[in-house]
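Asker:
Numbering (the UniProt record's numbering), first residue to last: 1 to 513.
1) On the three-pair Cβ rule with 8 Å, is the region 315-334 touching the region 458-473?
2) My output table needs one value for residue 76: the three-state DSSP class, helix, strand or coil.
3) Name the residue from 383, 351, 296 whose alpha carbon lies nearest to the alpha carbon of residue 307.
4) Does the Cβ of residue 255 have 16 or more other Cβ atoms within 10 Å, making it buried, or fewer, making it exposed?
5) Assuming residue 195 is part of the alpha helix (DSSP H), what are its boundary residues?
6) Please name the residue in 484, 23, 378, 396 whose C-alpha comes closest to that of residue 189.
7) Below 7 Å between beta carbons: does that hold for residue 352 and residue 152?
8) Per DSSP, what are the beta-bridge partners of residue 427 in this structure?
9) Can you tell me which of the three DSSP states residue 311 falls into?
10) In chain order, what residues of the same chain lie with their CB nearer than 6 Å to the CB of residue 228, ignoring the 5 residues before and after it?
11) Tell me whether the region 66-76 and the region 404-424 touch, counting them as touching only if at least three CB pairs, one residue from each stretch, are closer than 8 Å.
12) Tell me the DSSP bridge mates of residue 380?
13) Can you tell which of 332, 87, 41 has its C-alpha closest to the C-alpha of residue 120?
14) From residue 79 to residue 415, what distance separates their C-alpha atoms?
15) Would you kindly report the start and end of the unbroken alpha helix (DSSP H) that includes residue 25?
16) Looking at the unbroken alpha helix (DSSP H) that takes in residue 485, where does it start and where does it end?
17) Going by DSSP in three states, residue 505 sits in which element: helix, strand or coil?
18) Answer yes if the region 97-109 comes into contact with the region 200-220, meaning at least three C-beta pairs across the two stretches below 8 Å, and no otherwise.
19) Determine whether the beta carbon atoms of residue 517 and residue 485 lie at a separation below 7 Å.
20) With a threshold of 7 Å on Cβ separation, who are the neighbours of residue 397 within its own chain once the five nearest residues in sequence on each side are excluded?
21) Counting C-beta neighbours from all protein chains within 10 Å, is the total for residue 309 16 or more, i.e. buried, or is it exposed?
22) Please work out which residues of its chain come closer than 8 Å, Cβ to Cβ, to residue 5, disregarding the five sequence neighbours upstream and downstream, and give them in chain order.
23) Go through the region 185-246 residue by residue and report every complete run of the alpha helix (DSSP H) that reaches 4 residues or more, in order.
24) What three-state label does DSSP hand residue 293 in the structure shown?
25) Quick one: what does DSSP say residue 14 is sitting in, helix, strand or coil?
26) Check whether the Cβ atoms of residue 431 and residue 290 lie closer than 7 Å to each other.
27) Rounded to whole angstroms, what is the Cα-Cα separation between residue 133 and residue 125?
28) Quick check on residue 158: buried or exposed, where buried means 16 or more other Cβ atoms within 10 Å of its Cβ?
29) Short of 7 Å in beta carbon distance, which residues of its chain neighbour residue 185, apart from the five on each side in sequence? Order them along the chain.
30) May I ask which residues mark the beginning and end of the alpha helix (DSSP H) holding residue 328?
31) If you measure from the beta carbon of residue 389 to each beta carbon in chain C, is any gap under 7 Å?
32) What do you get for residue 56, buried or exposed, if any count of 16 or more other CB atoms within 10 angstroms of its CB means buried?
33) For residue 436, does the count of other Cβ atoms within 10 angstroms reach 16, so buried, or fall short, so exposed?
34) Where residue 378 and residue 481 are concerned, what is the direct C-alpha to C-alpha distance, given to the nearest angstrom?
35) Please name the residue in 167, 350, 42 whose C-alpha comes closest to that of residue 279.
36) Who are the near neighbours of residue 376 in its chain, counting only those whose CB is closer than 6 Å to its CB and skipping five residues on each side?
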């Protein structure tokens, strides 16, 4: 089971098991994208939740998904093998989708989302860590494998968003969630089929004695099964959970500053300080970016003219603009940075972060312009949303790959695991903040005409856009200081810009291993 058989030399052969992982990536991403893009619409349209409650729950769902990536990286290869942890996670996702599909009150929604979240949060890291272990660090095939893994992931997002939109048009959520569970079942079967090729290699778990492995498996299985009820509780008390995420984020920021201050080596201390500054600034980016499944989805659903020549575009289909921009823009961005390097222009990390903030700031400032040109019924032309998503995705391309790569560049080896967790937590904190800003978009305007709600949306979009632009300007002023702290040479900036595109989504986090 391989992606390629041979391409001129034995070095081009992709190891067995990589193809299975790509198939797993497609169908597992599909199920996540279904819930990511549909959760708010399902809760408000089908279950009768207020927009406020739906936003809080979605914020917890996205935030804890990122937090669990770190837990998956820690448990996998230590308490359980990566392949066993993945299979347990897939079983949890199957059960979760079926529970949500049953529409059986709180148990179905919160229990189902808790089970799905436990599996999804743990599994993303497993896929990337399994893929990493097929190759040595200098193996040229590694980048090829991650490219295909990246392509498979985007195929999953595209399929998931497309299917979500279709079934949402039919208001057939039950079939949609059952279909998502079948995708998880397919991922489980892929894993079992490729079981011999997915064994752990040189992990702590693989080096344990048989008796120790049995004890570890028992503890690991209990730990995995303990997660769904805990997560269900957090989802049911979503406002409390969101505030807990914010408090945790503030504490972690303080810890990061303390760790940076304690570094005796001046160069290391400076790089750690620059990492903390960039991490804090990136929270602004993720706060805006993660409004997509919450406030921005509600805006598209109710305030955008989605009917073209008699056909109504499903709200979720707009999410595919991000996927297409990443797929098309990724290589173009790489070519642009390569050309700049060829001319002796190395775009530093802080500059890329500032440009990302500018892109997403302008993306949100475009939306009030579209609202100002709305029709007599208050509906906004869809091209304004399309342009906004393109700019948001461009910002993601500038920030996300560099964000993951800079952990290895700026943080000492002994602290990379902790700092990777903190970096992922910034996305979770951003998601939580996005739930609060999304609530401000719908305050007092639920069910009202777009003519009434447009003003509120325009006000919040403009404030968010101006905040991002202000953060970009501040970061731009700090660029000389940050570059000095980072002791960044042209060669280091070039290496950072060459970070693999496979890391440009949150899912690509094999560094947590």
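By construction, the Cβ of each residue, glycine as well, lies at the ideal position given by its N, Cα and C atoms.
Answerer: Walking through what the data contain:
1) no
2) On the chain shown, position 76 is the one that residue 76 refers to. Three-state result, residue 76: strand.
3) Sequence index remark: in the chain shown, residue 307 carries index 307 (1-based). The shortest Cα separation from residue 307 among 383, 351, 296 belongs to 383.
4) Residue mapping note: residue 255 aligns to position 255 of the chain shown, counting from 1. With fewer than 16 Cβ atoms within 10 Å of its Cβ, residue 255 is classed as exposed.
5) As a working mapping, residue 195 is identified with position 195 in the chain shown. Careful: residue 195 lies outside any alpha helix (DSSP H) and carries neither H nor E.
6) Within the chain shown, the letter at position 189 stands for residue 189. The residue with the shortest Cα to Cα distance from residue 189 is 23.
7) Your numbering for residue 352 matches position 352 in the chain shown. Your numbering for residue 152 matches position 152 in the chain shown. No, the Cβ-Cβ distance between residue 352 and residue 152 is not below 7 Å.
8) Within the chain shown, the letter at position 427 stands for residue 427. DSSP lists no partner for residue 427.
9) Numbered from its first residue, the chain shown carries residue 311 at position 311. Of the three classes helix, strand and coil, the one that applies to residue 311 here is strand, per DSSP.
10) In the chain shown, residue 228 corresponds to position 228, counting from 1. Excluding positions up to five away in sequence, the list reads 114, 115, 118.
11) yes
12) Indexing the chain shown from 1 puts residue 380 at position 380. Residue 380 is bridged to 304.
13) The sequence position of residue 120 within the chain shown is 120, counting from 1. Measuring from the Cα of residue 120, the nearest candidate turns out to be 87.
14) Here residue 79 is taken as the residue at index 79 of the chain shown, counted from 1. Here residue 415 is taken as the residue at index 415 of the chain shown, counted from 1. One C-alpha to the other measures close to 21 Å.
15) Residue mapping note: residue 25 aligns to position 25 of the chain shown, counting from 1. Start and end: 18-45.
16) For the purposes of this step, residue 485 is identified with residue 485 of the chain shown, where counting begins at 1. First-last of the alpha helix (DSSP H) with residue 485: 450-486.
17) Within the chain shown, numbered from 1, the residue matching residue 505 stands at position 505. At residue 505, the pLDDT of 41 sits below 50, so the modelled position is not reliable; the number obtained from the coordinates is stated separately. Coil.
18) no
19) No information on residue 517 is available, as it lies outside the stretch 1 to 513 that the chain covers here.
20) Along the chain shown, one-based indexing puts residue 397 at 397. Correct list, in chain order: 326, 329, 330, 333, 504.
21) What you label residue 309 is simply residue 309 of the chain shown in a count that begins at 1. It is exposed - the Cβ of residue 309 has fewer than 16 other Cβ atoms within 10 Å.
22) In the chain shown, the residue the question calls residue 5 occupies position 5. Caution applies to residue 5, whose pLDDT of 36 falls short of 50 and renders its modelled position unreliable; the value that the coordinates give is listed next. Excluding residues within five positions, the ones whose Cβ falls inside 8 Å are 13.
23) 210-236
24) Reading the chain shown from its first residue, position 293 is the one you call residue 293. Looking at residue 293 - three-state DSSP - the assignment turns out to be coil, as it is neither helix nor strand.
25) For the purposes of this step, residue 14 is taken as the residue at position 14 of the chain shown. In this structure, residue 14 counts as coil in the three-state DSSP scheme.
26) Sequence index remark: in the chain shown, residue 431 carries index 431 (1-based). Sequence index remark: in the chain shown, residue 290 carries index 290 (1-based). For residue 431 and residue 290, yes; Cβs fall inside 7 Å.
27) Start at 1 with the first residue of the chain shown, and residue 133 comes out as number 133. Start at 1 with the first residue of the chain shown, and residue 125 comes out as number 125. So the two alpha carbons sit approximately 12 Å from each other.
28) Walking along the chain shown from the start, residue 158 turns up at place 158. Residue 158 should be labelled buried.
29) Reading the chain shown from its first residue, position 185 is the one you call residue 185. For residue 185, where only same-chain residues beyond five positions count, the Cβ hits under 7 Å are 94.
30) On the chain shown, residue 328 is found 328 positions in, with the first residue counted as 1. Here the alpha helix (DSSP H) through residue 328 covers 320-342.
31) No chain C appears in the structure shown, which is made up of a single protein chain.
32) Residue mapping note: residue 56 aligns to position 56 of the chain shown, counting from 1. Buried is the call here.
33) As a working mapping, residue 436 is identified with position 436 in the chain shown. With 16 or more other Cβ atoms within 10 Å, it is buried.
34) Mapped onto the chain shown, residue 378 falls at position 378. Mapped onto the chain shown, residue 481 falls at position 481. Approximately 47 Å between the Cα atoms of the pair.
35) Position 279 of the chain shown holds residue 279. Considering only alpha carbons, the answer is 350.
36) As a working mapping, residue 376 is identified with position 376 in the chain shown. Contacts found: none.
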